[in-house]
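Undergrad: Residue numbering for the sequence shown follows the working numbering, starting at 1156 and increasing by one per position.
Note that the Cβ used here is the ideal one computed from N, Cα and C, for glycine as well.
Submitted below is the structure of interest, expressed as structure tokens.
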Amino acid sequence: MSKQSRTQPERRAATVEALLRATIQVLTEGGYAALSTRRVAERAGVSQGAQQHYFPTKNALVFAALQRMVEELAADARATPLRAADERDRAEELLDRLWDLHTLPVCPAVLELLNAARTDPDLAELVVPVTRAGLLAIHEVAAAALPTYARSPGFPDFVSVAVSTARGSSTLAAIPGFDDLHPAWPRVRALLMGVLDTLEPAPVR
């Protein structure tokens, strides 16, 4: 379908989609500090006037792009079942997925964004709900994949700690020279599994 034959809602959707994809690309390449609405508009192939019409500020653009990315990652996680039949093996597979998630190319920019939100209340108002939605999706997937472990009162805390551990470990792993200062992911995963093994499921009533 040519641009001329598309309806106005279709053109609007295409423009928004191009801007959101371009935002993630620019974030991945240069980080939050280097991101500008002009650069995003150029990457998306749209005018800056069109960009400002849909997303009047840099933060609004970043929020929308991250929200879309989290929604897509959550949908993919829900639609892709864990392969292992044994529940403990599924737990290891789930931890590996957390690692893969936190080693995506865009993750360093997301961490930069979280750090910027620490001293920027306006940015924090946008980042917190997106981060919360992502964490809730991880907890939902984990509980569905590991129903026995999920019966333990400590399971939600375990999942949150596993997410934080994957985030921190992946950050250090990306820094040259940290190899001998931090254990590799297989060792970190084994330690997390040791914690998981200490959880006692609540009795079924």
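Could you check if T1212 is buried or exposed, using at least 16 other CB atoms within 10 Å of its CB as the buried criterion?
TA: So T1212 counts as exposed.
Undergrad: Have a look at A1317, A1300, E1267 and R1223 and flag the residue whose alpha-carbon is nearest the alpha-carbon of P1284.
TA: P1284 has its Cα closest to that of R1223, out of A1317, A1300, E1267 and R1223.
Undergrad: Return the CA-CA distance between D1244 and L1266, expressed in angstroms with no decimal places.
TA: About 29 angstroms.
Undergrad: Can you check the region 1249-1321 for any alpha helix (DSSP H) of at least 4 residues that lies completely inside it and give the ranges in chain order?
TA: Here the runs fully enclosed are 1262-1272, 1276-1300 and 1302-1305.
Undergrad: Cβ of A1272 within 8 angstroms of Cβ of V1282?
TA: Yes, they are a contact pair.
Undergrad: Do you know offhand how far P1311's Cα is from G1200's?
TA: Their Cα atoms are separated by approximately 43 angstroms.
Undergrad: Can you name, in chain order, every residue of its own chain whose Cβ lies under 8 angstroms from the Cβ of P1331, other than the five neighbours on each side?
TA: Excluding sequence neighbours, P1331 sits near nothing in its chain.
Undergrad: For E1355, which of A1321, P1341, S1307 and F1333 has the nearest alpha-carbon?
TA: Among A1321, P1341, S1307 and F1333, the Cα nearest to that of E1355 belongs to S1307.
Undergrad: Quick check: L1216 and T1178, are their CB atoms within less than 8 angstroms of each other?
TA: It is a contact, given that the beta carbons lie within the stated cut-off.
Undergrad: Taking the alpha helix (DSSP H) that L1182 falls in, what are its first and last residues?
TA: Taken as a continuous stretch (DSSP letters only), the alpha helix (DSSP H) holding L1182 covers Q1163 to A1189.
Undergrad: Less than 8 angstroms between C-beta atoms, sequence neighbours within five positions excluded: which residues of the same chain meet that for V1350?
TA: Answer for V1350: F1313 and V1316, listed in chain order.
Undergrad: Indicate whether V1105 and A1232 have their beta-carbon atoms separated by less than 8 angstroms.
TA: Any property of residue 1105 remains undetermined from this structure, which presents the chain solely from 1156 to 1360.
Undergrad: Give me, in chain order, the residues of the same chain whose beta-carbon lies closer than 7 angstroms to that of A1193; leave out the 5 immediate sequence neighbours on both sides.
TA: One point to set straight first is that residue 1193 is Arg, not Ala, in the sequence displayed. Excluding sequence neighbours, R1193 sits near Q1203.
Undergrad: So what's T1212 in DSSP terms, helix, strand or just coil?
TA: Coil at T1212, not helix or strand.
Undergrad: What span of residues does the alpha helix (DSSP H) with E1197 cover, start to end?
TA: It spans T1192 to A1199 - the alpha helix (DSSP H) in which E1197 sits, taken as one unbroken run.
Undergrad: Starting from G1349, trace the alpha helix (DSSP H) both ways and give me its first and last residue.
TA: Looking at the DSSP string, the run of the alpha helix (DSSP H) that includes G1349 is W1340 to L1351.
Undergrad: Determine, using beta carbons only, whether T1183 and A1240 come nearer to each other than 8 angstroms.
TA: Not in contact: T1183 and A1240 (Cβ atoms no closer than 8 angstroms).
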